[in-house]
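2 protein chains.
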Amino acid sequence: MVTMASPLERAVQVGSQRIAVSCGDVQLTYAQTAERCKRLVAGLRGLGLGAGDRVAVVGPNCHRYLELYQAVPSAGMVIVPLNARHTSAELRYAIEDGGVRVLFSALGDMGVADAVEHVVDLDDGYEQLLARSFPEEIRTEVDENDLAGLFYTGGTTGASKGVMLSHRNLVANATHMAMCWPFTVDTRFLIIAPLFHAAGSVAVLSTVWSAGLQVTLPTFDPARALDLIEQHAITHTLVVPTMLAAMSEEQFSRPRDVSSLQHLGHGGSPIAAETLRRAHAAFPSTALLHVYGATELAPLATLLPNEELVLDTERVRSCGQPAVGVDVAVIGADGTRQKTGEVGEIAVRGPNVMLGYWNKPAETAAALVDGWYRSGDLGFQDEEGYVFLVDRAKDMIVSGGENVYSTEVEDALYKHPAVLEAAVFGVPDKKWGEAVYAVVVPRSPVQADELIEHCRELIAGYKIPKHIDVRDEPLPKSGAGKVLKRELRSTYWESADSDVAGA
Amino acid sequence: MVTMASPLERAVQVGSQRIAVSCGDVQLTYAQTAERCKRLVAGLRGLGLGAGDRVAVVGPNCHRYLELYQAVPSAGMVIVPLNARHTSAELRYAIEDGGVRVLFSALGDMGVADAVEHVVDLDDGYEQLLARSFPEEIRTEVDENDLAGLFYTGGTTGASKGVMLSHRNLVANATHMAMCWPFTVDTRFLIIAPLFHAAGSVAVLSTVWSAGLQVTLPTFDPARALDLIEQHAITHTLVVPTMLAAMSEEQFSRPRDVSSLQHLGHGGSPIAAETLRRAHAAFPSTALLHVYGATELAPLATLLPNEELVLDTERVRSCGQPAVGVDVAVIGADGTRQKTGEVGEIAVRGPNVMLGYWNKPAETAAALVDGWYRSGDLGFQDEEGYVFLVDRAKDMIVSGGENVYSTEVEDALYKHPAVLEAAVFGVPDKKWGEAVYAVVVPRSPVQADELIEHCRELIAGYKIPKHIDVRDEPLPKSGAGKVLKRELRSTYWESADSDVAGA
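So the protein sequences, as listed, match chains A and B. Under the working numbering, think of the first position of the first sequence as 1, with each following residue one higher. Under the working numbering, think of the first position of the second sequence as 504, with each following residue one higher.
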């Protein structure tokens, strides 16, 4: 039976003496990693944990995180990676909702010590647990459809839900990744995005399965990321767009030798074409890969490899074709498939689709319809199956009866050389219902009027922001680096709600 | 749900206007192929066939064969590819054992018309069936564990068994293939080995899934194979060792432009190092790939990519490391795992392992033990998991109490420049129990004594053939090109059996 245990088992079989992970000063072979995982599992069993029990982890990327991520499910328990940027209250929600028994934390007890049986420090405490445990066989009888991990979604769109991914879901994703990227024993993957997010953990199993090397960056820092690429001759990495932009800027201002980097992936949120152009200029010998997916898809749905070759075509706006192994369809309002070019909801089917949301049968039923995962993303496919996202269903602005896709407006703004970051959303408007509103962080001084004039040349009148707020502080972002539009927008909608309530 | 229908569905989505198959003068796009498959399925339903019904095919490789191979399972029926070299009696066995309702045959009724409801000619009859049918949706509700195909094993080792492969088995194999070889929309695969054999069909789903091109060679002919490689700028192919040897000889005698050929795989039976060296000399810019598996494994178990890089090392004798997604173990006589370097039976676990043998519960129980497929092959793994086969369990010779692996003796013979083909097996011997016996087909004139002297420098005395039969006609081979040792050996063992019976 192929389970989360299989990749490490193969890596030990084919490359026991190879370096599995490099984390700061720590380097561990696959044999050493397996030995540590055996001790970890023994330690957890010693704490009284068994099949199905939930074990949470919160902290920066490190070798211990990777051990927990692999060993906990391999032993039949359930890993619960928690967002390191969350507040104590948010963490408490996940811990209580998920019924977590043990929390491994690099950040102290986070004020939730009373909610779990054990808080284990992810540094010394972890090492002590390993040191006092005698290695035990990791793999237990696990059905491939058993729960392997509970992944609390990032929260850019409201209340957090525990996404239930099975062994098969995560293993299927590893095969989907490896059919696209060539993972071999010579792969050196830099984990930049946080491991609690799908963009951070997406390639862990694929890399281990090939007995490749993983290097961990504890928390995002563009200078440190580039240093590690140079130092370890990194071949693969995957980031979110805000990280890609920051890494490009860093490479322009202080170039490193990044010639080893064959594959630079990005995903997690839409990307502006201008960000891609700058990334290609910064990493000219690197193949850019756009991946689109969702935590609920473990996470891969579509892929656009060699994106640098389509920078000057319409396809630069696409997130690619369905991954081999994954079915993608565009579903209309009537529940049937849309024709080529027609906008509808992106739906996905395959062995990577989640079991459901933990303890949320209504949300599960809404998300999983006839075996298809409904993504909540609006988009269309062209005649060769390329998926073009037009917006999150809930980010679409309806202004004067016209649909305005916020990403299209953002794209127009990003084409202005002075725009470093842009976020577009709808605000309540008495005349139009919603009005298009933009927040821009400039790279160099710029006036709102100038940006509006710039947009006028690129997009229809009704799509042009009615107001542009040019501000100096960076846009608010989730722990994974996604722009929190909800937060930007909330001021306007809260007052509107008050208005309605007071009406 | 991912089924045998998924690859063609994706190919139509991402490459409807791309050429799917080139067969002689016929070229068909993916849209055309899908349309033809829809008519085929409608035609079969019109003949009264439904879920679970068996449809057999016998004939040379062609586009119609590929349509049957994909459409029949996609529609919930079961494809039964039959060996085109089999006698009428052998075909009747499979047809009756499998309960086949319709036989598509390019070879007439093969004397089995009374055993099926319909014999459809694979040329005009097939086209008429399509022409008179209105296209219907191919995909039906199929569980991934439903039977997709019944594959009657080649018969190098006794009574033929119907290997039951599910949708999931075949789809899993396609993912295992694609994680090793890069299959893309630019892949141009030449199908050389017969489609009724795993070596012929191994890459069909992987190629279609990527919307690549397949070119079919009707029956093996080394000159025609090389012509097609040159004509279609073929990138991938996979053959059995006897074909590889013949293609190398052909390339030496009349070189073609084979520079497009990136990947040349071989599998299906053990290969002599000398055959590999000649193949590398004949195809110097091509990566050689050794695959090892079994029909029961759908078929891939291990892979040795870039074999040309290890020609001068011990690893040239290996069939590679476990494919990602496949667990491989060496099991000793006591049923536990052997240590590194210890010979035992090769066992395989994974989603590619067959459901069992059709109507043969005892044989199934013997082959599938605790979720592992017992291959009947003897071998060991080195410290990096490389599998070295030493023999088929039943081809191992026990001579004077010593185990002699026939492949090791064959390897020694192949190192002599005059040896074109060699087969080694045991014959009854009053003194030694079994004696080592060799049949050799020479490339240039050579005496048995000279070959025995040659062996004496390479292998221990008890392994040296007691007798070498140098003969001019090629060794007998199965339809898939495997040397039929059973046939070579039978003369000796039948007379021995008579002796025993008469004693």
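We put the beta carbon where it would ideally sit given N, CA and C, even for glycine.
Residue span of the alpha helix (DSSP H) that contains residue i, given as start and end
i, result
"I229 of chain A", "222-232"
"Q143 of chain A", "What sits at residue 143 of chain A in the sequence shown is Asp, not Gln. Element bounds for D143 of chain A: n/a, residue is neither H nor E."
"L881 of chain B", "From DSSP, L881 of chain B is part of no alpha helix (DSSP H) but of the beta strand (DSSP E) over 875-884."
"V711 of chain B", "707-712"
8 Å CB neighbourhood of residue i in its chain, flanking five on each side removed
i, result
"G50 of chain A", "G76, M77"
"I732 of chain B", "L693, T740, R759, V761, S763, L764"
"M504 of chain B", "V645, D646, E647"
"L814 of chain B", "A776, L779, R780, H783"
Residue i CB to nearest heavy atom of the ligand GDP below 7 Å
i, result
"D932 of chain B", "Summarising the ligand content, the structure contains no ligands, and the ligand GDP is consequently not present."
For residue i, the first and last residue of its enclosing beta strand (DSSP E)
i, result
"R392 of chain A", "387-392"
"V100 of chain A", "100-105"
"G50 of chain A", "It is not in any beta strand (DSSP E) - G50 of chain A carries neither H nor E in the DSSP assignment."
"S669 of chain B", "665-669"
Sequence-distant residues of the same chain with beta carbon closer than 6 Å to residue i, five excluded per side
i, result
"K541 of chain B", "P638, E639, I641"
"E487 of chain A", "P476"
"P423 of chain A", "Checking the displayed sequence, the identity of residue 423 of chain A turns out to be Ala instead of Pro. So the list reads V439, L475, V483, K485, L488, once near-sequence residues are dropped."
"P351 of chain A", "R168, A172"
"G984 of chain B", "V743, T745, M746"
"G155 of chain A", "Residue placement at G155 of chain A is flagged as unreliable, the pLDDT there being 49, under the threshold of 50; the coordinate-derived value follows with that caveat. There are no such residues."
"S16 of chain A", "Y30, A31"
"D499 of chain A", "Annotation note: pLDDT 37 at D499 of chain A (below 50); position unreliable, no value reported."
"A503 of chain A", "Reliability of the predicted coordinates at A503 of chain A is poor, the pLDDT of 30 falling under 50, and the value obtained from them is presented with this limitation in mind. There are no such residues."
"D1000 of chain B", "Summary for D1000 of chain B: the model assigns pLDDT 41, below 50, so the residue's position carries little reliability, and this model does not support an answer."
Same chain only: Cβ atoms within 7 Å of residue i, ignoring 5 sequence neighbours per side
i, result
"A938 of chain B", "S902, G929, V930, D932, K969"
"E117 of chain A", "R101, V102"
"V26 of chain A", "H63"
Residues that residue i contacts on chain A, provided the C-beta gap is smaller than 7 Å
i, result
"A681 of chain B", "M179, V324"
"Q824 of chain B", "V14"
Under 7 Å from the C-beta of residue i: neighbouring residues of chain B
i, result
"S210 of chain A", "V827"
"P182 of chain A", "P685"
"G350 of chain A", "V505"
"G385 of chain A", "Q516, V517"
From the options, residue whose alpha carbon lies closest to that of residue i
i, options, result
"E1033 of chain B", "B:V927, B:P977, B:L916", "Beyond the ends of chain B as shown, which are 504 and 1006, falls residue 1033 of chain B; an answer cannot be given."
"S478 of chain A", "A:A211, A:H280, A:F220", "A:F220"
"P697 of chain B", "B:L716, B:A706, B:D528", "B:A706"
"M110 of chain A", "A:V102, A:H118, A:T87", "A:T87"
"W996 of chain B", "B:S756, B:Y940, B:L767", "B:Y940"
"I962 of chain B", "B:S909, B:Q950, B:V922", "B:S909"
"W712 of chain B", "B:K918, B:G888, B:A523, B:V583", "B:A523"
"G325 of chain A", "A:M179, A:S206, A:T313", "A:M179"
"T719 of chain B", "B:A701, B:A748, B:C565, B:T805", "B:C565"
"E538 of chain B", "B:G611, B:L585, B:G665, B:S636", "B:S636"
"E752 of chain B", "B:A836, B:H700, B:L923, B:R877", "B:L923"
"A246 of chain A", "A:A225, A:G265, A:Q231", "A:A225"
"D830 of chain B", "B:E811, B:D837, B:L803, B:A736", "B:L803"
"G665 of chain B", "B:I737, B:I900, B:L594, B:A726", "B:L594"
"V369 of chain A", "A:V353, A:E384, A:E383", "A:V353"
"S74 of chain A", "A:N83, A:R54, A:R85, A:P60", "A:R54"
"L213 of chain A", "A:E296, A:F283, A:D114, A:T187", "A:T187"
"W875 of chain B", "B:A508, B:L858, B:H735, B:E886", "B:L858"
Under 8 Å from the C-beta of residue i: neighbouring residues of chain B
i, result
"M164 of chain A", "Ordered by position in chain B, no residue passes the 8 Å Cβ test against M164 of chain A, which lies about 19 Å from the chain."
"G371 of chain A", "M504"
Interface residues of chain A facing residue i [CB-CB closer than 9 Å]
i, result
"S751 of chain B", "Result: empty, since nearest Cβ-Cβ is about 27 Å, beyond 9 Å."
"T678 of chain B", "A172, T175, H176, A178, M179, V324, G325"
Taking three-plus beta-carbon pairs below 8 Å as touching, is the region 287-304 of chain A in contact with the region 467-479 of chain A?
-> Judged by pairs of C-beta atoms under 8 Å, the region 287-304 of chain A does not touch the region 467-479 of chain A, as fewer than three such pairs exist.
Quick one: any contact between the region 94-101 of chain A and the region 9-17 of chain A, if contact means 3 or more CB pairs under 8 Å?
-> At 8 Å Cβ cutoff, the stretches do not touch.
Looking at C-beta atoms only, is the number of pairs between the region 950-968 of chain B and the region 685-705 of chain B that lie closer than 8 Å three or more?
-> The region 950-968 of chain B is not in contact with the region 685-705 of chain B.
Flag this pair as touching only if the region 868-883 of chain B and the region 845-852 of chain B have three or more C-beta atom pairs under 8 Å; answer yes or no.
-> Taking 8 Å as the limit for Cβ pairs, the verdict is that the region 845-852 of chain B does touch the region 868-883 of chain B.
If you pair each beta-carbon of the region 118-129 of chain A with each one of the region 57-70 of chain A, do three or more pairs fall below 8 Å?
-> Counting C-beta pairs closer than 8 Å gives three or more between the region 118-129 of chain A and the region 57-70 of chain A, which meets the contact rule.
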